[in-house]
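**Student:** Each step along the sequence shown adds one to the number in numbering that gives the first Met the number 0, with nothing skipped, and position 109 is 108. Could you have a look at this structure, given as structure tokens, before my questions?
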Amino acid sequence: MTDATTQQAADPSYLIVGAGVFGVSTALHLAARQKKEGKAVTVTLVDRDAPDAPTRVAASWDWNKVVRADYADPTYCALALEARDAWRGGNSDNSNNKNNGNTDEEEQGALFAPFYTESGVYWISRTGLADAVVDNYRRLGCGREVDEGLVAAVPVSEARKLYEGVFAEADYEGVERVLVNRTSGWADAAGALRRAVERAVELGVRFVKAEVAALEFGGGDGTARGVVGIKTEDGRLLRARRTVLCTGSYTPKLLDESARRSGIEALRAGGRIIAAGVTTGLTVLGDEAMDRFGGMPVGIQENPPERGASNGSLPPNKDRQLKWWGQHIFKNTQKMPSGTELSAPPPERDYAQWEVPESLKGDVNFANRVTFGKQGESWKIEQHRICWEALTPSADFIVSPHSAAEGLYVATCGSFHGWKFLPVIGKYVVQMLEGSLAPELREKWAWDRELPDPSKNKRGPLRGGRGFVEITDIYNFAALQKTVESVGAVICAYRAHPEAVVEGQLLLIRAGVNLHHQTHLRLYGHHPGVGADPLRPAQDHRRRLARYLGDGVKALFWTSADDFAAYTIEAVSEPGEADGAFYCVRNFRASPLEMMEAYMRGRGVPLERQSVGSLSEIEDMLAQARASTPPSGYHEYIGSRMPSTR
């Protein structure tokens, strides 16, 4: 008997934090085990949103999600075949240990089949995926589906004609064969998740609606290494022998705060988990479009890494809503109370998921163009949403004990492909909790597994994303300020002179350029933003002029480069971005005058210092300019400069 089994026998209580795919599936399988074996197991499922909430922040809540077993990785292909069979309504012939905690065939069919539509999936692949999937199906015992033409690698010329030509005008550049899998499809995401929670509660799971603040540790001082539950934002303590974090994109922030309170530094996710967003949008089809596209399959553009992540579209649901997802995956880096900088969803209660900037809406429009071509030009794409998810550098899940604290387990990181596993992933989480997870999966999903080199992940999330706030007037200070609520500092490279920029830089920071967009702006010129003169060479190259706003004494945030007197964009940016770029970096405080003194010491040249007025005087000047200056279209400029992986 393993230590895990001994602990379970002593106190078989589980606290599952997060009612998304991983959490709900785990609760469901634990409860089904209790019913089947007659064991008294206490299972509590905690989430910030009620199961019947009209919208939720979980990535698992959505209009619909893709259900497919089309993986080049044979491990995920096998798991997805098992999940697909559960969606169809029965136990899988591909299941490993299928009697170990799984609900029976009748239960699976009644629970998930009503939400599943086997529409097929049409993969426009540039990576050899089509042939890899066909090979995997044969190796995994599904060769009959290949032989019957249900799963096939189809030449582009033939593929264009399939499904009445709905994808005839798609982008096929660099594509030799299209993967057509008629045994895949999609599911009603919100409906299936809600029903799974209901069934878990029917089986005895206790559901608690609460905001989770931090982990709770054993011992009188609350800092012992053993986790005994969680503390909620309203001060409640929820306890259990085992705490399972299924908290998705909130996980890095939760672990960071728990580390701050407990002093256990090893709790932090570090580079294991990245909170990232992707944009979706939908249109409502009219009668004519519904007749043509109502029977379409899922359409996916699967790209090589240098081109970006996949994008695509799902068939219309019962409400005639046809959905797209974009290919830009982005981060939202923030400074935590601990001082750690990490990506986390926006602090708004709903993660600001409905506040989608034009630049990201354009990413969805691009998905429409490369999927449907001119056929989709007249569609009005609306109801855009940012879906926040937890991903790992390798896109593998984490289903593992946490090595830094006893009683703590992590089951999360769907990595934008985990939803389809709703019927079965909980079975494997239960196996992990019992110590019976297969060695291959235990290694693949381990908390302390070796991480790949992030610099080689060309599909990794872009920096920033949250700073995009649509403005049509460059002097709208309320909108400008909103763009930098979580920005610590910005380095500016002003054309060929990436020198230290003084207090006028605040206006540039307020302009929200917190990714790395090139611009060249003067304070008094009308351009797509507001800038300030840097320390730039005069005719006499031994002297430089430093213009600044205010009294020059107030301490401001600057870069934390060791020699801040000589910092340049080359010191903190990626190669090739030195000729005009902006980049968020760690910061320290220094006044403009202190910066100038350090500059003179570091460069060995004198500076001529010139104040151009106080901030209030400049704002008065800008107020006068506002009356005579038309809208700038700055948000359109920002959208055009967003880093693209297309």
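Even glycine gets a Cβ: it sits at the ideal position worked out from N, Cα and C. Just so you know, these numbers come straight off a predicted model, no measurement behind them.
If you draw a straight line from the alpha carbon of Glu347 to that of Pro356, how long is it in whole angstroms?
**Tutor:** Distance between the alpha carbons of Glu347 and Pro356 is about 16 Å.
**Student:** Relative to the C-alpha of Ala189, which residue among Tyr115, Thr182, Tyr162 and Thr242 is closest?
**Tutor:** For the residues Tyr115, Thr182, Tyr162 and Thr242, the minimum Cα distance to Ala189 belongs to Tyr115.
**Student:** Would you report the Cα separation of Ala31 and Leu202, rounded to the nearest angstrom?
**Tutor:** Going from the Cα of Ala31 to the Cα of Leu202 covers about 7 Å.
**Student:** Am I right that Gly17 and Leu244 are in contact with their C-beta atoms under 8 Å? What's the rounded C-beta distance?
**Tutor:** Going by Cβ atoms, the distance from Gly17 to Leu244 rounds to 7 Å, so yes, they are a contact pair.
**Student:** Verify whether the separation of the beta carbon atoms of Ile15 and Gln300 is less than 9 Å.
**Tutor:** Result no, Cβ atoms of Ile15 and Gln300 do not sit closer than 9 Å.
**Student:** Report the rounded CA-to-CA distance for Lys330 versus Ala389, giving the unit in angstroms.
**Tutor:** Going from the Cα of Lys330 to the Cα of Ala389 covers about 10 Å.
**Student:** In or out: Gly262 buried (at least 16 other Cβ within 10 Å) or exposed?
**Tutor:** It is exposed - the Cβ of Gly262 has fewer than 16 other Cβ atoms within 10 Å.
**Student:** Helix, strand or coil for Ser358? Go by DSSP, reduced to three states.
**Tutor:** Note: Ser358 maps to helix in three-state DSSP.
**Student:** Once the 5 residues before and after Ser393 are set aside, which same chain residues still bring their CB inside 7 Å of it?
**Tutor:** These residues qualify, in order along the chain: Pro451.
**Student:** Report yes if the C-beta of Ser257 is less than 8 Å from at least one heavy atom of the ligand ATP; otherwise report no.
**Tutor:** Of the ligands one can find in the structure shown there are none, so the ligand ATP has no counterpart to examine.
**Student:** Which word fits Ala109, buried or exposed, when buried means at least 16 other C-beta atoms lie within 10 angstroms of its C-beta?
**Tutor:** That one is exposed.
**Student:** With distances taken Cα to Cα, identify the nearest neighbour of Pro314 among Val65, Pro50 and Pro53.
**Tutor:** Of the listed residues, the one whose Cα sits closest to Pro314 is Val65.
**Student:** Looking only at its chain, what residues have a beta carbon closer than 6 Å to the beta carbon of Gly425, apart from the 5 residues adjacent to it on each side?
**Tutor:** Contacts found: Ser24, Thr25, Leu27 and His28.
**Student:** Which of helix, strand or coil does DSSP assign to Gln7?
**Tutor:** Because Gln7 carries a pLDDT of 42, less than 50, the predicted location of this residue cannot be relied on, and no value is offered for it.
**Student:** Exposed or buried, Gly270, counting other C-beta atoms within 10 Å across all chains shown (16 or more means buried)?
**Tutor:** Classification of Gly270: exposed, given that the 10 Å Cβ count is below 16.
**Student:** Tell me the residue span of the alpha helix (DSSP H) that contains Pro251.
**Tutor:** Taken as a continuous stretch (DSSP letters only), the alpha helix (DSSP H) holding Pro251 covers Thr250 to Ser261.
**Student:** Determine whether the beta carbon atoms of Gly234 and Leu214 lie at a separation below 9 Å.
**Tutor:** No, they are not a contact pair.
**Student:** From Phe371, Ala366 and Pro11, pick the residue whose C-alpha is nearest to that of Gly280; which is it?
**Tutor:** Residue Ala366 is the option with its Cα nearest to Gly280.
**Student:** Since Ala152 and Tyr13 are thought to touch, with beta carbons under 8 Å apart, how far apart are those beta carbons, to the nearest angstrom?
**Tutor:** Going by Cβ atoms, the distance from Ala152 to Tyr13 rounds to 44 Å, so no, they are not a contact pair.
**Student:** Identify every residue that forms a DSSP beta bridge with Asp187.
**Tutor:** In the DSSP output, where bridge partners are listed per residue, Asp187 has Asn63.
**Student:** DSSP state of Tyr70, grouped into three classes?
**Tutor:** Coil at Tyr70, not helix or strand.
**Student:** Under 9 Å between the Cβ atoms of Val165 and Phe371?
**Tutor:** Going by C-beta atoms, Val165 is nearer than 9 Å to Phe371.
**Student:** Among Tyr171, Ser399 and Pro154, whose alpha-carbon lies nearest the alpha-carbon of Ala437?
**Tutor:** Minimum Cα distance to Ala437 is reached at Ser399.
**Student:** Only counting the same chain, and skipping five residues up and downstream in sequence, which positions put a Cβ closer than 8 Å to that of Ala717?
**Tutor:** For the chain, the structure presents residues 0 to 645; residue 717 sits outside this window and is missing.
**Student:** Roughly how many angstroms lie between the CA atoms of Glu256 and Ala212, to the nearest whole one?
**Tutor:** About 8 Å.
**Student:** Helix, strand or coil for Ala268 per DSSP?
**Tutor:** The answer is coil: DSSP assigns Ala268 none of H, G, I, E or B.
**Student:** Quick one: measure Cβ to Cβ for Asp69 and Ser183, integer angstroms, because I've assumed they're closer than 8 Å.
**Tutor:** At roughly 6 Å, the Cβ-Cβ gap stays under 8 Å, so Asp69 and Ser183 are in contact.
**Student:** Using the three-state DSSP reduction, which class does Pro303 fall into: helix, strand or coil?
**Tutor:** Looking at Pro303 - three-state DSSP - the assignment turns out to be coil, as it is neither helix nor strand.
**Student:** Keeping to the same chain, check which residues put their C-beta closer than 6 Å to that of Asn180; ignore five residues upstream and five downstream.
**Tutor:** The residues are Asp69, Val120 and Val150.
**Student:** If you reduce the DSSP assignment to three classes, tell me which class Ser24 lands in.
**Tutor:** Note: Ser24 maps to helix in three-state DSSP.
**Student:** With C-beta atoms as the reference, is Asp51 less than 9 Å away from Arg193?
**Tutor:** In contact: Asp51 and Arg193 (Cβ atoms closer than 9 Å).
**Student:** Do Leu254 and Ala268 have their C-beta atoms closer together than 9 Å?
**Tutor:** Yes, they are a contact pair.
**Student:** Tell me which residues share the same chain as Ala646 and place their Cβ nearer than 6 Å to its Cβ, disregarding the 5 neighbours each side in the sequence.
**Tutor:** With the chain represented from 0 up to 645, any question about residue 646 goes unanswered, as that position is not in the structure.
**Student:** Have a look at Arg159 and Gly298 and give me their C-alpha separation to the nearest angstrom.
**Tutor:** Spanning the two alpha carbons is a distance of roughly 12 Å.
**Student:** Consult DSSP for Ser610 and reduce its assignment to one of helix, strand or coil.
**Tutor:** The answer is strand: DSSP assigns Ser610 an E or B state.
**Student:** Going by DSSP, what residues sit across from Lys230 in a beta bridge?
**Tutor:** DSSP lists Ala213 and Leu236 as partners of Lys230.
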